[in-house]
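Presented below is the structure to which this report refers.
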Amino acid sequence: MSAYGDTYNVQVKTGVLVTCDSAAKQILLHLDSQRDGPRKFLVRDIDETHVMIKREFVEEIKELLQDELEKNTYVQDPNM
Amino acid sequence: MVQPSFSHPTKREDAGPSTSPTAALDAFLDNQHQSYYEELYKSEAVCLCILRSLPPVCRHIILHILWSHQPIRTVDVKLFLQMDLKTPLPELDEVVRPALNRKILHPMIHKKAKMQWPMNDTFKRGLRNALTGLGTSNSFGVPFERDTEEGIPTQEELVAYGEDTFEGILKYMVSSGLEIGFPVARPQEEVLQLLHASGLMTDPSDPTGQNPNINRLTITSKGFQFLLEDRQTQLWEILMYYLSAKEANSERSAVVLSMFFSLGCMQLGQDYSASASFPHAQAALNDLAQYGFIYRSSEDTDQFFPTHLATALCSGDATVTKSQDADEKRFLILETNYKIYAYTSNELEIAILNLFVDIRIRYPNLVVGKLDRKNVKAAMEKGISAHQIISYLSSHAHPQMYNSPPPLLHPTIVDQLHLWDRERNRLKAEDTVMFEFFSKELFDDTEAEARANAALQHSIPSQKLLFIEPHTKAAITEFVKERQARLRSGI
Chain A
0 MSAYGDTYNV QVKTGVLVTC DSAAKQILLH LDSQRDGPRK FLVRDIDETH VMIKREFVEE
60 IKELLQDELE KNTYVQDPNM
Chain B
0 MVQPSFSHPT KREDAGPSTS PTAALDAFLD NQHQSYYEEL YKSEAVCLCI LRSLPPVCRH
60 IILHILWSHQ PIRTVDVKLF LQMDLKTPLP ELDEVVRPAL NRKILHPMIH KKAKMQWPMN
120 DTFKRGLRNA LTGLGTSNSF GVPFERDTEE GIPTQEELVA YGEDTFEGIL KYMVSSGLEI
180 GFPVARPQEE VLQLLHASGL MTDPSDPTGQ NPNINRLTIT SKGFQFLLED RQTQLWEILM
240 YYLSAKEANS ERSAVVLSMF FSLGCMQLGQ DYSASASFPH AQAALNDLAQ YGFIYRSSED
300 TDQFFPTHLA TALCSGDATV TKSQDADEKR FLILETNYKI YAYTSNELEI AILNLFVDIR
360 IRYPNLVVGK LDRKNVKAAM EKGISAHQII SYLSSHAHPQ MYNSPPPLLH PTIVDQLHLW
420 DRERNRLKAE DTVMFEFFSK ELFDDTEAEA RANAALQHSI PSQKLLFIEP HTKAAITEFV
480 KERQARLRSG I
């Protein structure tokens with residue numbers, strides 16, 4: 000910090016606070032890492048269970064996460 | 000972390016608001032004013048039913064002083080309950096809270112160095128009349144004077160009629176939600192309108208809800224939840240929807256509500272005269288016939304028979320309606336391998352099971368199916384929660400299930416249902432405004448301010464990040480600017 004007046008600076012951003020478990024968060028980070036430019040949705044990786052993302056992506060992300068989780072589900076053979 | 004507590008699902012259910020079958024009624028009554036109660040308590044039947052709905056302690060206190068001319072003194076209540084004489088007054092108020100809420104007792108007053116609750120005079124008179132058989136309001140119904148014994152339905156016939164009519168409505172609701180519906184009779188127009196107005200059914204092609212085509216109604220998630228409730232709860236909910244529809248038309252609902260209570264005090268198998276019993280609520284009585292609460296041999300007769308749906312309304316005890324068909328209701332065997340055996344041939348029950356069970360085999364009196372992820376999740380998409388499925392399964396458990404050591408439903412299944420429920424919403428998204436600080440001092444002050452105004456969503460002291468509700472952004476920004484100015488000038 001160059002001038003001491005900057006100490007009291009505050010940055011303000013709006014977005015959507017996402018609360019989730021840490022596994023789901025890792026999937027979100029992974030999804031974001033595969034995107035670039037304006038399609039990136041992550042605003043800030045906050046902590047283990049919180050991320051902040053851009054509002055316009057919320058519904059899309061929810062669906063993508065659901066799809067990702069669906070891939071990891073074991074479907075039992077219905078004839079068993 | 001949004002970690003569910005699976006270990007005590009039953010505890011949470013107990014704390015839930017919908018434990019009592021009369022929850023809908025209680026919610027309605029809690030919002031009424033003194034004048035509404037004055038009107039209600041003119042009917043002796045209402046006084047009796049409200050008394051029955053109170054907890055035992057309140058009931059005792061009220062009966063204890065019913066014949067006294069004095070208000071209830073707090074000292075007497077303390078002695079009666081064997082409480083410490085130094086018990087603070089608010090604690091005593093809590094004891095009689097249900098009676099205060101129902102305006103049976105007026106709020107505590109201070110008189111000649113004594114604290115006391117005066118009793119509502121209308122209620123006192125009503126209950127005295129109810130107990131002694133005095134009074135002229137005919138609120139317990141006027142028997143119909145008939146000349147012949149012919150054509151009088153038996154109790155069993157009345158029960159069957161009530162059951163058929165009400166289940167017909169439920170069947171119609173559930174069949175609208177299934178891809179392969181089964182043939183059902185369409186309920187009458189007024190019934191459909193109520194189902195739509197109450198939000199239990201909706202017309203998907205009419206998003207505004209203004210001009211629904213009542214022939215094309217489909218069930219909503221609220222409707223699905225309604226289906227899984229026990230019968231007593233369903234009845235009171237329907238009656239309350241009916242009552243609010245009446246109020247929306249700016250009709251007086253007190254007369255109709257006291258009619259519900261009167262019906263609740265009637266005898267199954269007895270016939271009553273509609274014009275003498277409910278001179279001011281004839282239209283409402285006719286409406287209730289469509290739901291199976293009363294039976295009439297023909298449209299224009301003055302004679303009517305209340306069915307068991309009506310007479311069990313105010314029993315104050317949900318088990319009465321249950322016990323009548325306890326054997327029919329207890330038909331489910333759930334194994335630890337998620338297989339379900341349902342000993343039933345009731346179309347409605349099978350249709351409800353079909354909502355969340357993958358039905359594999361169907362015999363005349365037995366249905367075999369399996370709780371699997373796909374079906375349960377499909378049900379959850381429709382708005383049914385894990386709690387509702389669990390309470391449905393346990394309330395319909397076969398007597399054989401009670402022979403194995405408790406808990407009734409195996410924990411693996413209960414936990415799995417909760418897990419499936421959790422899976423759907425692993426993300427909780429809320430609009431936010433993030434404030435990033437560089438000064439610890441400013442961060443702490445702002446955090447305290449946000450916390451005091453209930454604006455704080457989340458805070459990370461280590462990174463000096465604050466997340467606040469968007470609508471408070473202006474106020475918090477203002478606060479931050481003011482603090483900034485002070486801190487800067489302070490140095």
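In order, the protein sequences belong to chains A and B.
Taking numbering that gives the first Met the number 0, I'd label the letters of the first sequence as residues 0 to 79.
Taking numbering that gives the first Met the number 0, I'd label the letters of the second sequence as residues 0 to 490.
From the three backbone atoms N, C-alpha and C, an ideal C-beta is built for every residue, glycine too.
First and last residue of the alpha helix (DSSP H) that includes residue i?
i      : result
B/G263 : 253-263
B/K113 : First-last for B/K113: 113-116, but that is the beta strand (DSSP E), not the alpha helix (DSSP H).
B/E348 : 346-355
B/A196 : 188-196
B/F122 : 120-131
B/K245 : 230-247
Taking only three categories from DSSP, how would you classify residue i?
i      : result
A/V42  : strand
B/G291 : coil
B/P305 : strand
B/F442 : helix
B/M400 : helix
B/K170 : helix
B/H105 : coil
B/A449 : helix
B/D430 : strand
B/L65  : coil
B/T73  : helix
B/F277 : coil
B/K373 : helix
B/I467 : strand
B/T164 : helix
B/F223 : helix
The beta strand (DSSP E) spanning residue i covers which residue range?
i      : result
B/W419 : That residue, B/W419, is in no beta strand (DSSP E); its alpha helix (DSSP H) goes 410-423.
B/G489 : Looking at the DSSP string, B/G489 is not in any beta strand (DSSP E); the run it does join, the alpha helix (DSSP H), is 472-489.
B/P97  : Run containing B/P97: none in the beta strand (DSSP E); it sits in the alpha helix (DSSP H), 96-100.
Quick check: the Cα distance between residue i and residue j, rounded to an integer number of angstroms?
i      : j      : result
A/R34  : A/V74  : 30 angstroms
B/S394 : A/T48  : 37 angstroms
B/K85  : B/N119 : 27 angstroms
B/L39  : A/D66  : 56 angstroms
A/L28  : B/D420 : 24 angstroms
B/P87  : B/Q115 : 14 angstroms
B/M400 : B/L407 : 7 angstroms
B/S403 : B/F330 : 16 angstroms
B/S296 : B/C57  : 42 angstroms
B/A473 : A/R38  : 29 angstroms
B/T318 : B/A309 : Because B/T318 carries a pLDDT of 48, less than 50, the predicted location of this residue cannot be relied on, and the following value inherits that uncertainty. So the two alpha carbons sit approximately 15 angstroms from each other.
B/H7   : B/D414 : With a pLDDT of only 41 at B/H7, under the threshold of 50, the placement of this residue in the model should not be trusted, and no figure is reported.
B/S136 : B/D92  : 32 angstroms
B/F165 : B/L284 : 16 angstroms
B/T320 : B/F259 : Its pLDDT being 47, under 50, B/T320 is placed unreliably in this model, and the coordinates cannot settle the point.
B/Y35  : B/V141 : 25 angstroms
B/V158 : B/N214 : 29 angstroms
B/K328 : B/D357 : 20 angstroms
B/G134 : B/A44  : 11 angstroms
B/I60  : B/L130 : 16 angstroms
B/P55  : B/A98  : 11 angstroms
B/H397 : B/I339 : 11 angstroms
Determine the chain B residues that contact residue i at a beta-carbon separation under 9 angstroms, and present them in chain order.
i     : result
A/R34 : Within chain B, no residue comes near A/R34; the closest Cβ sits about 17 angstroms away, beyond 9 angstroms.
A/Q10 : M433, F434, E435, F436, F437
A/D66 : Those do not exist, as A/D66 stays about 13 angstroms from chain B at its closest Cβ, beyond 9 angstroms.
Can you give the beta carbon distance from residue i to residue j, rounded, assuming they're within the 8 angstroms contact cut?
i      : j      : result
B/M239 : B/F27  : 5 angstroms
B/F478 : B/T445 : 7 angstroms
B/A184 : B/G161 : B/A184 to B/G161, Cβ: 15 angstroms. No contact.
B/A341 : B/F355 : Wrong, their Cβ atoms sit about 12 angstroms apart, outside the cutoff.
What does residue i touch in chain A if you count any residue whose Cβ is under 8 angstroms from its own?
i      : result
B/T431 : T13, G14, V15, L16, M51
B/Q456 : L16
B/Q483 : Y7, V9
B/P20  : Ordered by position in chain A, no residue passes the 8 angstroms Cβ test against B/P20, which lies about 35 angstroms from the chain.
B/P469 : T13
B/L422 : Checking the sequence, you will find Glu at residue 422 of chain B rather than Leu. Here the neighbours are L68.
B/L441 : Y7, V9
Using the beta-carbon of each residue, which ones in chain B are nearer than 8 angstroms to residue i?
i     : result
A/N71 : The contacting residues do not exist; A/N71 stays about 11 angstroms from chain B at best.
Find the residues of chain A that neighbour residue i, judging by a C-beta separation of less than 9 angstroms, and give them in chain order.
i      : result
B/I459 : I45, D46, H49
B/F330 : Correct list: empty, because the minimum Cβ distance to chain A is about 25 angstroms.
Going along chain B in order, which residues have a C-beta closer than 7 angstroms to the C-beta of residue i?
i     : result
A/K61 : L426
Against residue i, what residues of chain A qualify as contacts under a CB-to-CB distance less than 7 angstroms, listed in chain order?
i      : result
B/F478 : Per Cβ cutoff of 7 angstroms: no residues; B/F478 is ~11 angstroms from chain A at best.
B/Q224 : Per Cβ cutoff of 7 angstroms: no residues; B/Q224 is ~23 angstroms from chain A at best.
B/F466 : L16
Counting contacts by CB-CB distance shorter than 9 angstroms, is residue i in contact with chain E?
i     : result
A/R38 : Within the model displayed, chain E is absent; protein chains A and B are what it includes.
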